[in-house]
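S.K.: One structure, as structure tokens, below. Some questions next.
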Amino acid sequence: MIQLFELADCDNFYASCEQVFQPQLRGKPTVVLSNNDGCVIARSAEAKVWGVSFGTPHFNIKNIPGFQKIQMKSANFTLYRDMSSRYMTTVSSHVPSIEIYSIDECFIDYNSVAHAQDNAKRLCETVHKWTGISICIGLGPTKTLAN
Amino acid sequence: MFLFKKCMHIYQPSMGSRLSLPVFSSRVPAGFPSPADDFIDGVLDLNDLIEHPSATFILRVSGNSMTGSGIFDGDFLVVDRSLKARSGQIVVAVSDGDMLVKRLMRQKGQWWLIPDAPAHSEFQPISMGEGSEIWGVVKNVIRNLS
């Protein structure tokens, strides 16, 4: 029997968490800064398009053209931990078993490969509805390939 | 508690602790008193009112646009994101980047967010179009009376 692993990974996790509770940030380039606003540790999809790279120091953001429109948020790790546990609980209540891999990633071990794509799609929708966070799911016969 | 703005507080429900309190089977009369039949009908833990802990958020209300539905400034709302919103329910919605609590209504093929504040006629219904969505369904209101 082929075993099938899924890796469920949140999109731009810290930035997404901020956008769930601050809807005015949606669709805008949003970055989350590390402790004491040192450097960029998360970027929304829009911020990536604007060319903000991971780890950019705070003082260098002003070198990016049109930087005034970039929404900068100080990290709120209490919030991210809570959202992570909501996400993991939501996933685990819909699948046979999960293995937490990082704050925003978990492996899902499906016992059967039947309807794997449909199940994955439904899981993405459920997680988005329940927590407001968008996720991607990779499927593969090993954890590495799923990732 | 996560503080975002001066006026918006969001709390996570803590499900770890248990506190079961007795429930009396007779209703408390708000009108005429009735002969007391104080039978205890089991216990209730308020955590049990939260069906989907991982999808439930507690928000604090600011403003007076829903006083006619019994929602006042400073009240706590228990909001369940996993429920599908239906016409007539009170919801938290996003409109133009703002989070609002309003009653959801479907009228003539269009979804509306209706305020309910007889004393404040300045609040107008908002039609739900592009850029607006339902954030969650309000399940309970918690208010400190004393």
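Chains as they are written, first to last, in this note's numbering: chain B, 1 to 147; chain U, 1001 to 1146.
Yeah, the Cβ is synthetic: ideal placement off N, Cα and C, and Gly gets one too.
Give the secondary structure of Ser85 of chain B by DSSP, where H, G and I count as helix, E and B as strand, and everything else as coil.
M.R.: In the structure shown, Ser85 of chain B sits in a helix (DSSP, three-state: H, G or I).
S.K.: Taking only beta-carbon positions, decide if Val1138 of chain U is within less than 8 Å of chain B.
M.R.: Answer no: the Cβ-Cβ gap between Val1138 of chain U and chain B never drops below 8 Å.
S.K.: When DSSP labels each residue in this structure, what does Phe1123 of chain U get in the three-state scheme?
M.R.: Note: Phe1123 of chain U maps to coil in three-state DSSP.
S.K.: Whole angstroms are fine: how far does the CA of Tyr101 of chain B sit from the CA of Leu4 of chain B?
M.R.: In a straight line, the C-alpha of Leu4 of chain B is about 17 Å away from that of Tyr101 of chain B.
S.K.: Is the CB of Lys129 of chain B under 8 Å away from at least one CB in chain U?
M.R.: Lys129 of chain B counts as touching chain U.
S.K.: What runs of the beta strand (DSSP E), each 3 residues or longer, lie entirely inside the region 1022-1088 of chain U?
M.R.: Complete beta strand (DSSP E) runs here, min 3: 1040-1045, 1056-1060, 1076-1080.
S.K.: What three-state label does DSSP hand Ala116 of chain B in the structure shown?
M.R.: Correct three-state label for Ala116 of chain B: helix.
S.K.: Can you tell me which of the three DSSP states Thr30 of chain B falls into?
M.R.: DSSP places Thr30 of chain B in strand when its eight states are reduced to three.
S.K.: Would you say Pro29 of chain B reaches chain U, if we count a Cβ-Cβ gap shorter than 8 Å as a contact?
M.R.: Pro29 of chain B does not count as touching chain U.
S.K.: Can you find the residues in the same chain that come closer than 6 Å, C-beta to C-beta, to Gln68 of chain B, ignoring five residues on each side of it along the sequence?
M.R.: Answer for Gln68 of chain B: no residue qualifies.
S.K.: With distances taken Cα to Cα, identify the nearest neighbour of Asn12 of chain B among B:Ile108, B:Asp37, B:Arg122, B:Val49.
M.R.: Residue B:Val49 is the option with its Cα nearest to Asn12 of chain B.
S.K.: Can you tell which of B:Phe77, B:Cys17, B:Ile137, B:Glu99 has the C-alpha that lies nearest to the C-alpha of Asn36 of chain B?
M.R.: The shortest Cα separation from Asn36 of chain B among B:Phe77, B:Cys17, B:Ile137, B:Glu99 belongs to B:Phe77.
S.K.: Once the 5 residues before and after Trp1112 of chain U are set aside, which same chain residues still bring their CB inside 6 Å of it?
M.R.: Excluding sequence neighbours, Trp1112 of chain U sits near Met1105, Pro1125, Ser1127.
S.K.: Using the beta-carbon count (16 or more within 10 Å), is Pro65 of chain B buried or exposed?
M.R.: Pro65 of chain B is exposed by the Cβ-count criterion.
S.K.: Please work out which residues of its chain come closer than 8 Å, Cβ to Cβ, to Ser84 of chain B, disregarding the five sequence neighbours upstream and downstream, and give them in chain order.
M.R.: Within the same chain, Ser84 of chain B has close Cβ partners Phe13, Ile103, Asp104.
S.K.: Relative to chain B, which residues along the region 1093-1105 of chain U have a C-beta separation below 9 Å, given in chain order?
M.R.: For the region 1093-1105 of chain U, which is checked against every Cβ of chain B, the residues closer than 9 Å are Val1094, Ser1095, Asp1096, Gly1097, Asp1098, Met1099.
S.K.: Flag Arg122 of chain B as yes if its beta-carbon sits less than 8 Å from any beta-carbon of chain U, otherwise no.
M.R.: Not one chain U Cβ lies under 8 Å of Arg122 of chain B.
S.K.: In three-state terms, what does DSSP make of Met1001 of chain U?
M.R.: Only weak support exists for where Met1001 of chain U lies, its pLDDT of 48 falling under 50; the value from the coordinates is given anyway. Here Met1001 of chain U sits in coil by DSSP.
S.K.: Out of curiosity, what's the CA-to-CA distance linking His94 of chain B and Ala1093 of chain U?
M.R.: Cα to Cα, His94 of chain B sits roughly 26 Å from Ala1093 of chain U.
S.K.: Could you check if Gly1136 of chain U is buried or exposed, using at least 16 other CB atoms within 10 Å of its CB as the buried criterion?
M.R.: That one is buried.
S.K.: Of the residues that make up the region 11-23 of chain B, which ones have a beta carbon closer than 7 Å to any beta carbon in chain U?
M.R.: The region 11-23 of chain B vs chain U, Cβ under 7 Å: Phe21, Gln22, Pro23.
S.K.: Using Cβ-Cβ distances below 7 Å, what residues of the region 69-90 of chain B are close to chain U?
M.R.: Against chain U - using a Cβ distance shorter than 7 Å - the residues of the region 69-90 of chain B are Asn76, Thr78, Leu79, Asp82, Arg86, Thr89, Thr90.
S.K.: Enumerate, from N- to C-terminal direction, the unbroken beta strand (DSSP E) stretches of 3 or more residues contained entirely within the region 7-55 of chain B.
M.R.: Correct list: 30-33, 40-43.
S.K.: Taking CB distances under 8 Å as the criterion, tell me whether Met1126 of chain U reaches chain B.
M.R.: One point to set straight first is that residue 1126 of chain U is Ile, not Met, in the sequence displayed. So, not an interface residue.
S.K.: Should Gln117 of chain B be labelled buried (16 or more other beta-carbon atoms within 10 Å of its own) or exposed?
M.R.: It is exposed - the Cβ of Gln117 of chain B has fewer than 16 other Cβ atoms within 10 Å.
S.K.: Tell me which residues share the same chain as Pro96 of chain B and place their Cβ nearer than 7 Å to its Cβ, disregarding the 5 neighbours each side in the sequence.
M.R.: These residues qualify, in order along the chain: Asp109, Tyr110, Asn111.
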